[in-house]
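Please read the structure below before turning to the comments.
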Amino acid sequence: MPSMHTLKETDYTILEEIVRRSVSQSRFKHSLLTLKVAVRLAQRFSVDCLKAKIAAVWHDYAREWSGEQILATVLQSNRCQPQKCELENPMLLHGAAAALELEKYIPYIDNEILLAIRWHTIGSVKMGRLGYIIYTADFIEESRKHITRHEKARLEELESPEAMVLEILDDTIPYLSVKRKTIAESTLILHHQLRQGLMAGYEK
Ligand SMILES: [Fe+2]
Ligand SMILES: [Fe+2]
Numbered sequence: 117m118p119s120m121h122t123l124k125e126t127d128y129t130i131l132e133e134i135v136r137r138s139v140s141q142s143r144f145k146h147s148l149l150t151l152k153v154a155v156r157l158a159q160r161f162s163v164d165c166l167k168a169k170i171a172a173v174w175h176d177y178a179r180e181w182s183g184e185q186i187l188a189t190v191l192q193s194n195r196c197q198p199q200k201c202e203l204e205n206p207m208l209l210h211g212a213a214a215a216l217e218l219e220k221y222i223p224y225i226d227n228e229i230l231l232a233i234r235w236h237t238i239g240s241v242k243m244g245r246l247g248y249i250i251y252t253a254d255f256i257e258e259s260r261k262h263i264t265r266h267e268k269a270r271l272e273e274l275e276s277p278e279a280m281v282l283e284i285l286d287d288t289i290p291y292l293s294v295k296r297k298t299i300a301e302s303t304l305i306l307h308h309q310l311r312q313g314l315m316a317g318y319e320k
């Protein structure tokens, strides 16, 4: 069995350069600002910083692709089973497409990184702690205009990445319902599980 690729700082440098050349300036800036928060959270919660840097810098690698390009990349591979709502709105698969592309550059890269990137869009119980960190960082990085600075700081002060994602989902799920957008099954399952898990924690 092939061994897992041992990540080095140079892997990050190379990937950052590929992203810089592949996306718009504003997207690249968003990626680096997401990285800044992700590193802060990784340090605080003892998650591997290099993995957080790689997942953060790469998460929106395919965000500016067309829906057709994203769908073609995902369907060409047998590594990803898209959900119904993702097939209806292929832009939701930009995380999946990015993860598949990353694997082409670094075969046998940690699955943890691939899952964090794959699920940063709609969330899933498969995303793991690194995934919660990327999801939160993507949501609260400093250039985001959808919530106030105060609200970002409050989210980041919560006790765990799980609590941060739960809080974000508590806000976004009703918003999506009002807008009559389909809410992915994986989002609802994640929401339910985080709620159960955190409630169980409070009862101890
Ligand atoms: Fe994204
Ligand atoms: Fe993003």
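All residue numbers for the sequence shown refer to the working numbering, where the first residue is 117 and numbers rise by one.
Cβ atoms here follow ideal geometry from the backbone N, Cα and C, with glycine treated the same way.
Quick caveat: nothing in here was measured; it's all calculated off a predicted structure.
**Request:** Please look up how many angstroms separate the CB atoms of Glu267 and His146, rounded, as I've assumed it's under 8 angstroms.
**Result:** Contact doesn't hold; Cβ gap of about 18 angstroms is too wide.
**Request:** Please name the residue in Glu272, Glu278, Leu203, Val173 whose C-alpha comes closest to that of Val139.
**Result:** Comparing Cα positions, the closest option is Val173.
**Asked** If you scan the region 261-291 from start to end, which runs of the alpha helix (DSSP H) of 4 or more residues do you find wholly inside it?
**Response** Counting only runs of 4 or more, we get 265-272.
**Prompt:** When the Cα atoms are used, what is the spatial distance from Ala85 to Lys297?
**Reply:** There is no way to answer for residue 85, as the model of the chain reaches only from 117 to 320.
**Asked** Should the region 207-214 be called in touch with the region 166-180, which here means at least 3 C-beta pairs below 8 angstroms?
**Response** Under the three-pair Cβ rule at 8 angstroms, the region 207-214 counts as touching the region 166-180.
**Asked** So what's Tyr224 in DSSP terms, helix, strand or just coil?
**Response** Judged by DSSP in its simplified three-state form, Tyr224 adopts coil rather than helix or strand.
**Prompt:** Listed by chain order, which residues have C-beta atoms less than 5 angstroms from any heavy atom of ligand 2?
**Reply:** This selection yields Asp176, Asp254.
**Asked** Under three-state DSSP, which class holds Glu204?
**Response** Annotated three-state conformation of Glu204 is helix, per DSSP.
**Request:** Please report the residue range of the alpha helix (DSSP H) in which Leu112 lies.
**Result:** Absent from the model: residue 112. The displayed extent of the chain is 117 to 320, so no value can be given.
**Request:** Give the secondary structure of Phe255 by DSSP, where H, G and I count as helix, E and B as strand, and everything else as coil.
**Result:** Helix.
**Cβ neighbours of Leu306 in the same chain (closer than 8 angstroms, five flanking residues each side left out)** = For Leu306, where only same-chain residues beyond five positions count, the Cβ hits under 8 angstroms are Gly239, Ser240, Val241, Met243, Val281, Leu285.
**Message:** Quick check on DSSP: helix, strand or coil for Thr122?
**Reply:** Coil, per DSSP.
**Asked** Just to confirm, does Gly211 get its C-beta within under 8 angstroms of one of the non-hydrogen atoms of ligand 1?
**Response** The answer is yes for Gly211.
**Request:** Report whether the distance from the Cβ of His266 to the nearest heavy atom of ligand 1 is below 8 angstroms.
**Result:** Checking every heavy atom of ligand 1 against the Cβ of His266, none is found closer than 8 angstroms.
**Message:** Applying the 10 Å Cβ sphere with the 16-neighbour rule, what's the burial state of Pro223?
**Reply:** By the neighbour-count rule (16 or more Cβ atoms within 10 Å), Pro223 is not buried but exposed.
**Item:** Sequence-distant residues of the same chain with beta carbon closer than 7 angstroms to Glu132, five excluded per side
**Value:** The residues Val173, in chain order, have a CB closer than 7 angstroms to that of Glu132 in the same chain once the five nearest residues on each side in sequence are set aside.
**Item:** Host alpha helix (DSSP H) of Thr150 (start-end)
**Value:** From DSSP, the alpha helix (DSSP H) with Thr150 extends over 141-160.
**Asked** Among the residues of its own chain, which have a CB less than 6 angstroms from the CB of Leu218, if the five just before and after it don't count?
**Response** Contacts found: Trp174.
**Request:** Just mark Arg270 as buried or exposed, buried being the case when its beta carbon has 16 or more other beta carbons within 10 Å.
**Result:** By the 10 Å Cβ count, Arg270 comes out exposed.
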